[in-house]
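**Q**
Residue numbers (the working numbering), protein chains in the order written: chain A, 1 to 334; chain B, 1 to 334; chain C, 1 to 334; chain D, 1 to 334; chain E, 1 to 334; chain F, 1 to 334.
1) Answer yes or no: does any C-beta atom of chain E fall closer than 8 Å to that of residue 334 of chain D?
2) Say whether the segment 23–33 of chain C touches the segment 308–328 of chain B, bearing in mind that this needs 3 or more beta-carbon pairs closer than 8 Å, one atom from each stretch.
3) Just to confirm, are residue 251 of chain D and residue 183 of chain D a CB contact at a threshold of 8 Å?
4) State the DSSP-derived secondary structure class of residue 68 of chain C, mapped to helix, strand or coil.
5) Are there three or more Cβ pairs, one per stretch, closer than 8 Å when the segment 119–127 of chain C is compared with the segment 144–158 of chain C?
6) Classify residue 341 of chain F as buried or exposed, calling it buried when 16 or more other Cβ atoms lie within 10 Å of its own Cβ.
7) Short of 7 Å in beta carbon distance, which residues of its chain neighbour residue 213 of chain E, apart from the five on each side in sequence? Order them along the chain.
8) When DSSP labels each residue in this structure, what does residue 103 of chain E get in the three-state scheme?
9) Show which residues of chain F have a CB atom less than 8 Å away from the CB atom of residue 235 of chain B.
10) If you count every other CB in all the chains shown that lies within 10 Å of the CB of residue 2 of chain F, and 16 or more means buried, which is it?
11) Since residue 31 of chain A sits in a beta bridge, which residues does DSSP pair it with?
12) Note down the Cα distance separating residue 12 of chain D from residue 134 of chain D, rounded to an integer number of angstroms.
13) Please classify residue 331 of chain A as buried or exposed, where buried requires at least 16 neighbouring CB atoms within 10 angstroms.
14) Identify, in the order they occur along the chain, each residue of the same chain with its Cβ nearer than 6 Å to the Cβ of residue 110 of chain D, setting aside the five sequence neighbours on each side.
15) Output yes if chain F places a C-beta closer than 8 Å to the C-beta of residue 64 of chain E; else output no.
16) Identify every residue that forms a DSSP beta bridge with residue 316 of chain C.
17) Do residue 295 of chain C and residue 67 of chain C come within 8 Å of each other at the CB atom, strictly closer than that value?
18) With DSSP as the reference, please indicate the residues paired to residue 219 of chain B in a beta bridge.
19) Report the option in D/91, D/162 and D/83 whose CA atom is closest to the CA atom of residue 290 of chain C.
20) Flag residue 321 of chain B as yes if its beta-carbon sits less than 8 Å from any beta-carbon of chain F, otherwise no.
21) Expressed to the nearest angstrom, what Euclidean distance is found between the alpha-carbon atoms of residue 280 of chain F and residue 255 of chain F?
22) Tell me whether residue 193 of chain C sits in a helix, a strand or coil according to DSSP, three-state version.
23) In the segment 98–119 of chain D, which residues sit with their C-beta less than 7 Å from some C-beta in chain F, listed in chain order?
24) Determine which residues of the segment 279–303 of chain C have a Cβ less than 9 Å from any Cβ of chain A, and write them out in chain order.
25) At a Cβ cut of 7 Å, what residues of the segment 72–98 of chain E count as close to chain D, listed as they run along the chain?
26) Within 10 Å of its beta-carbon, does residue 185 of chain A have 16 or more other beta-carbons around it, so buried, or fewer, so exposed?
27) Secondary structure at residue 183 of chain C, three-state DSSP: helix, strand or coil?
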C-alpha cells in the first residue's frame, strides 16, 4: 500500500512552539494542484509524555476548536514537559463548511478509521492520524459536541474497555478533565471510530460532549479550555494543579432503551429540557404535523427513569431521528 | 391591479373551530397546477374582538409554530368570545425548508409588506395578510425567535409609535403576554415589516423574540403558549385570567451602539452569554482565524453597559455579522 | 422604454424558406458576450395571410416542437400562399432544460405577457412575440401538452371571448385543427397568458393540449402535425383540403368544480383513467402515505359527472396539486 | 465483516398483521443520529410458505408501491396460510426522491446485490434483503416499471436459468401473475441484480415491467394488484382461485438486436407506439436537432420484426439512449 | 424612496489614509443580521480634485483589484493633492465567488445603474456609487478585463459622447493611462452601464480592458498599476510625471460587423490569436463537434480587415457566443 | 472479475478510416438505459505499428482534443502504414462538463488506472484503455495542458524510467514531437497515472503540457497538431518527414523545491510570467487579502534559479495551491 501523502510543514519533533499545517495534496476542478491545509501546532519542551489534542473531528462542533486555538496561542513552552500536538480542525474541509461530514467525500471522519493512504480525502486524514500522530502520543483528548443537530449536557467520557487497567487510566483522565458531568459509555458499534483507533493502540483516551446546536457559549468554551489544561496537568505535561470540578456527576448510558426515536416527521415540541429528571412513561416530546392544524400530536414517552442527557436540536424532525437520550446516574465503579 | 389569488378552504367568518388551508396556486416545474397550502385554523364563538395569531413569518423560528399548533388543538370554542385566526406557518415554504427566507423566491417575508397580488409567492402571501386578514383583526400577535443564526433573551416587544394611545395599548398587551423580558424598540428601518403593516392599520400589535438557534426548548415553548393565552385573555377573547410573569424586566434598545459587528471571518469564541451584564470596554467575544493557529485573535469590546440580549449563534462568523446586542434596562415610561 | 434587444438572423419578410434564429444577447458567468439562440423558420410565397405557429411555450411539452420541426422541414414554399412563421422552441432555455419554466429566471413564459424589453430573458422573449411577431400574424396556433406533471385528453381549444365574431372564427379554426376532442374554456385568470396577448390583438387563436407526461407518442405527434396543416389549409395559406377528424367530441370546462385537488402528500393510486366517464361521488383517485404502511388511504371523489380530461402525472403528489379535471360534454353553441 | 445495522421495529416472525419499519441508522449533516425508515408489513397466519413482495427497487416505478400498499391494507390474516412480507418502498430514499437511484449514494439498488453490511446506505439495504429477508422466503415477487425514462408493455417475466426445474416454477408463477404479456429474458449482464441474488438462493422469482414514465394508471395499478394476489394464491398463501389473464401473450427478448440506440442528441419524434407490430427496416423513431430548424432528421430503423415492447419516454434524447426494444412472439417452451 | 442602507465605516471626507468598508446590511438564511462588507480606502491630502478608482465591477476580472490593492497600500498621502477613493472589489459578492455576476441576485452590476436603494444587493451597490461616490469625483477610472470567458488586447477606452469637450477630456485621460492600445467605442446599448452613469454626471471617465480569462499576468498587472498612477498624475492628484506608453496604438470598434458569433456548439479551434492582423474572408476560428469525430468543422470567417482585439476564452463554445472582435486602426480624431 | 462493459461501435481492427464510439452503458436517473458515448476514430492501412492518440484525459484541456479532431478529419489512410487509434475526449463526461474530473463520479481519470471493469464510469474507462487499447499500441501520445487552473510553457515530456532503453525511445519520441520545450520528469507519486499504465506495458510514451487556463490558442493548437504528426512520422506510421522544432529547449524538474505553494488565501498578483528566468530569493508572486485593503501582502520568493514553467491560473488562490513551478535547464543526458 502506498505511503500517506500528507506532509507536515513543521517538524513534529522540534522544540519550542511551532505553528504550521498538515498538507494533503488534493487535485480537483478548481485547483488541479491544490491541497487541503490542516492547521497544527506543536509545543515541546525536553523529554516527557506526549499529548495529542484534537477538535473538529466533526466539522460543526465548536468547543474543541475554540479551546485548542486558545491553548495553541496561550501555552508557554516553558510550562511544558514533553510535547503537545494540537489539531483544532481535524476534518478541516468539514470545519470550513460548518458541517458534520466532509463536503468533499461526504465521509463521517469518526467512522473512517483506520483510514486508507490511497482513499478519499477523509480516509487519508484518518489514516495519517492512525498511523503517524496517535502512535506518537501517550494521551489523546478528542473534543466532541452535538453539532448542528444534537445538544448534550456537558460531559467528558470514557468507554468500558477489555483492558481494565487502561480503562481505569482513561476514567482518571476523564475525572481530571472536570466537566460538569462524566459519562461511562458502552459503544454498541465502535467500528471506524477514532476512539477505537486510539484505544486499540493502548493510549489513555478522553472524549467529550460539551454542548451542541452548532454553537458554543462562553460557559461551554470555558469548560473545554479548563478541561484540556486539567488533562495536561494530570498527565504531567503542563505545570500546575488540576482544577477540580465542583459537584460533578457521573452518568451512565447503560443500554439501547436510553435512545428515543421519532416515529413521524413534523414540528418538535419539547416537553423536557437537557438536565431535567424524568420518569418512565412521562411525555418528553411532542410532534405536530408539519403540514396542517387540527391533528392530534404524537407524544414520545420516556422509556426509563433518568436525566435528559442529549436531545435533537432542530425544530423539525424526521421519522427515525433520535429525539432524546435518557442517562442514568452511575452507581457502580467505572 | 389583479385580485389576490389566495383562497381559504374554510370560511373565515364561520362559527366553532375549523381547520383548513390558504390555497395559493403555484405553477412550477414539478407541479404545473400545484399550490402552496398554508394551514389555518379559525375558532369563533359569537360576536367579539378578533385576534390574528401568526408564526413562521421566518421559517426557522419555532416557538410560534409550536404554540399555535397547541392552541389550535386545545382551545375550546366555548371558551371564546369573538374570533381567533391562527396561522402557525405564515411563510409555509420557508417553514418546510427550515429556512429564514422562502426557498421559492428568496424573499424575507418580513420585509415584503404590503406585498403584491401579482408578485412572487412571498409577495402574494404578504399581500393576503395585509389586505384580508389584518383588516379583520383587532389585535395581532406575531411570533419571532432568533432563527438558526441568532439567539435572544425571551421577550415580547412593542414599538415606539407616533400614536401614543396605540402605543400604550400595545405595551399593555406586551406586558400581558408575560415573557421574562419586555422590550421597547425603535425600528430604524421599518419599511416592509409585518409590524409596520399591522401598526399602520391601527391595530394592537405584539411581537416577540423567544430564543433562537433554530430550535425551541420546553421552557421557551411554555413561554410562547402562556403568552398567547394571556394576550387572548387580556383582549377579552379567551376566558380566564391573565397569568402574570414573575420578575419580568423591561429592556430598551436605545440606539445603533447596541449592535456589535464582526470585523473579520473566523471561529467565534464567546466571552459573555445571553443575560450576562457587561460593562463598556469589556471583551464580549473573540474571533480566531478559521485557517491557521498561532495568530492573535480579535476581541470585540462592549460599546456600552447593559445586558447581552441577542447574540450570533453559529460557531463560524463572517465579517459584518452582528455578533451581539447589548440592551439597557428600561427606565422611563413606555 | 428601450427597444427589444432580440434580432432575427434571417429576414422575417423574405420569400421562400429560410431557417435562422432569434438572437437574444445574454451576458452571464459562463459567457460574458453570449446569446440565447431561438430557432425560427419562415416560409413565404407571395401575398396572403400570415400564420404564426409556436411550440415550447412550456419547455417540457413535445407535440408542438415535433410538429413544427416536421412542418419547417416538409412544407414546400410552392404550396404556400402568404407566410408561415414557425418557432418550435419558444422558451428555448426551458426546452433545452426539459422544464416548464426557464432555468434562467424561473419564469413561466405563459404568464409573462406582454413582457418587457428590459426585463429578464423570458420577459424579453414574451415582449418580442407580443410586439413584433403577433402583430404580423392573422392566425396564431400555440401548442401545449401537459408537460412532465399533467396529462390531457388530446384537444384543441378556444376561449369564450367578448367579441363573439372573433370567438366564432377561433372555434372554426379549432374545429379545423381536427383533434379527437375540442374544448371551450373560460379562463378564470388569463392575466399574462400568450393566449390573452394574441386574442387582445384581435387574432384568430388556437391553443391545444395534446397529451403530456413529458413525452409524445406516434399518435399524439400525428395529431399535432395534421392539426397544423389543417389550420393552415383552413386559413388559405397551405394548399389542400382540411382533413376532418372522425368522431371528434366537443367538451366544456364550465367551472371551478371541474378541478380536483389533493388534500395530502403521498403516493397516487389512480382509480380512473383519461377518457373514463365518471359519476359525481365516484372515487377517482386514492392517496397512500409515502412513509408508512397500514394507514387508511384518502380517496378523492368526483365533484361532478363527466369525463376525465386531465390528470396529475407523477406517481407522487403534494397537497394542493390538481389531481384531475372532469370535463362536461358540450351542449350549447360555441 | 460486521453485522448489518438494519433492525426491524416489528418481529418478522410474529402472527397476524403488523406494520413497522426497517430502521437503518444514517448519520448525516442534517441529523447526526438519524435513520432511514423503510416501511414493512408482515401478515402471517400459522405455518406455510413465505412470500416476499417488493416494490420501489427503483424509486420512480409506481405500480409496485401502489399494489403493495393496497395489499398491506386489504389482506385479512384470516385468508393467509403462511407469511407475506411486504416492502413497498425497498429503496426508500430513492422512492421519496422520485428517482431511480438513491439520492444518498447515487447507487442503483438493482446492481448493488449482494451488498455490504458496512457499505453505503443502498449497499446496506441490498445486504439486508440478501442475507435476512430473501432466505426467509419461498417465493419473491419484485415489481418494476419503466420509471421516468422508459415505458413498457405490461408484462411479468422469468429468466432462462441453468436449473430448469427452478425455471419452470418461475414460469408457472409468471403465468399465474396474469399480466397482459409474459416475457422470457436472458440477462446479458445479471451481476448485482436482485433477480440474480434471489434466483441464486433457489427461490421462485417473478419480476415485472408494468408501464413507466414515472406514473401509474388505474389500469396498470389494477394489473399489479391482481398479479400479486394471483401469485399468492398460486403459492397457496392466499385463499381463493387464480384469476387468469385473458388473451395474454408470451414474448421473448432473444438478443442484442432487440435494443435500438440513439445515435445523436435531440428531440424524439416517435413513429411507432408500444404494442405496435413493426417490420425490420421500418422507421420507428426520428430525432430532430434540439438547436435549430431546417436540418434533415435522423431516422431509426427497426433491426428486426416484432412488437415494440419498450421505449424511451422523455421527449429529449441523448446519444446512446435506448430508444426502443422490439420483442418477438415466443414460440418455444419456456 | 427610502435612503440607501449602505454606510461607510470610515469617513469619506477625512484626511490621510484610511481603510474601511462600505457596510451593506443583508439578511439571509445563513446570517439573519449579516452584511456585505465592501473594502474601501480613502487617501486625502488638502484640497484638490477627487478620483474614484474602481475594480471588480465584474467579479472575475483581476487587473483592477490587483492595481487598486497595490495603490491603496503604496500611495503616500504626502504625494497626494486632493482625494483618492479606492474600491478594488466593487461587486464584492461576485469577486469572492470569482464570477462575473453576483451570486446573490445574479445581477450584472454593469447593467444595474443607476440602481435602487430598496432593490437587490447589486442594485443597492449601484445606487450607492451613483448617488454618493460618483458625485464626489472629478475623474473616474473603472477597470475591466475579459473575465473568465473573454480575452482582450490590453487597452484603455473612451466613448463617443455628445459633449465633445467632455469626450476630449476623457480621451486625454485614456492616453495618459498609457495602455499598449487605446480604443474609441460607440456603445450600441449603454443602458444601465456604470460608464453611462458616470458620463451622464459630466465626469472624466476612463474604462479599460486589460486581458482576461479569469487571470492576470505580471505584465497586465504592471499595465494596470502604471495606468492608474498616470491618470492620477494627469489629473494633478498624484505627484510625478505621466509615464508615456511606448508605441501605443489607437483602435476603433466602428460597427456591428466587428463582432463574430458562433453558429453552433462545440470545441473551439482558434486559427488567429489576439493581436493578429486578419483580412476579410480569412478563417479565424473553427468549431469541431463536441460529441463525435469525422464531421466537417464549421469555419468562422473574418467579416472585415483588422486586428483581433477580443476573443472567446473557454475551449467550449455555445451557439451565439461572441467568438472574436476585429478592431480597426483608428484614423480620425477622437 | 466481470468483463469490461464498453463496446466499440466500429471494428478496432478494420481497414481504412472509420468513426464511431466506445459505448459504455450507464444507468442513471435521467436515462435508465443510457450510455456514455466516447468518440473514436480508427485509421488503418496494411500492417505496421499502432499508435494510440488520446486527448481529454482531463476534461478542461483543449490542445489534445483540437489536434485529434483535426487529425481524425484530415489524415488520409493512404498516407498511413499501420494503424492510428484516436480518442480525442477520453474522459468524455468531464470534457462535456469542461471540468478536470468527471461530473459523474468526481474521479480524476489520470489517477484511476488500471481501473476496474465493475467500478464507476471513470474506472471503467480507465480499465478499457488499460486492458484493451494500450495493449494494441506500440506508441502512445497522451495530451495534457494546464486545464482551467494551471498554465504551462508548451512542452512534451518523458519520464525517468528504470528501463533505460525504453526511456531513450520515449525521449526520442518527445524530441520528435517538436514542442518549444522538452521536459524530463521524475514523478514522485505515479500511482494510478495513465503514464504509468502505459509505460509499465513497455510502450513508447509521450505526454505533453501545451498551455492551459481552460483555453487553447492558434499557436498552441498548431504545436499540438504538428507534434502528433511528427510522432506518427517518427514512428513510421504517417508518411513524411519529421518537422523539427527550432530552438527547442530541454528542461528538468529535478525536485520538490521546484514547486511553490500559497500560504494564504487571496488575490494573486503575479510578479513573473511563464518563461521568465528568475533567481532564488526573487519575489515571483504576491497575495493580497480578499476581504480588505491596507494589509501588507505576502510575497512568494523563488526557491531556486530557473525558468517559470507552470503557474496557477485563476485570479484567486487558496492556501496550499501550487502557485508556480520553476524548472531548470537540462544539462545531462536524458
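We treat Cβ as the ideally placed atom computed from N, Cα and C, and that holds for glycine. Since the model is a prediction, treat every value here as computed from it, not as a measurement.
**A** If we stick to the structure as given:
1) Low confidence applies here, because residue 334 of chain D scores a pLDDT of 47, under 50, leaving its location unreliable and the question unanswered by this model.
2) no
3) yes
4) helix
5) no
6) With chain F running from 1 to 334 in the structure shown, residue 341 of chain F is simply not present.
7) 146, 148, 151 and 313
8) coil
9) Ordered by position in chain F, no residue passes the 8 Å Cβ test against residue 235 of chain B, which lies about 50 Å from the chain.
10) exposed
11) A/28
12) 12 Å
13) exposed
14) 57, 193 and 194
15) no
16) C/267
17) no
18) Paired residue(s): none; residue 219 of chain B is not in a bridge.
19) D/91
20) no
21) 15 Å
22) coil
23) 99, 100, 101 and 108
24) 291 and 292
25) none
26) buried
27) strand
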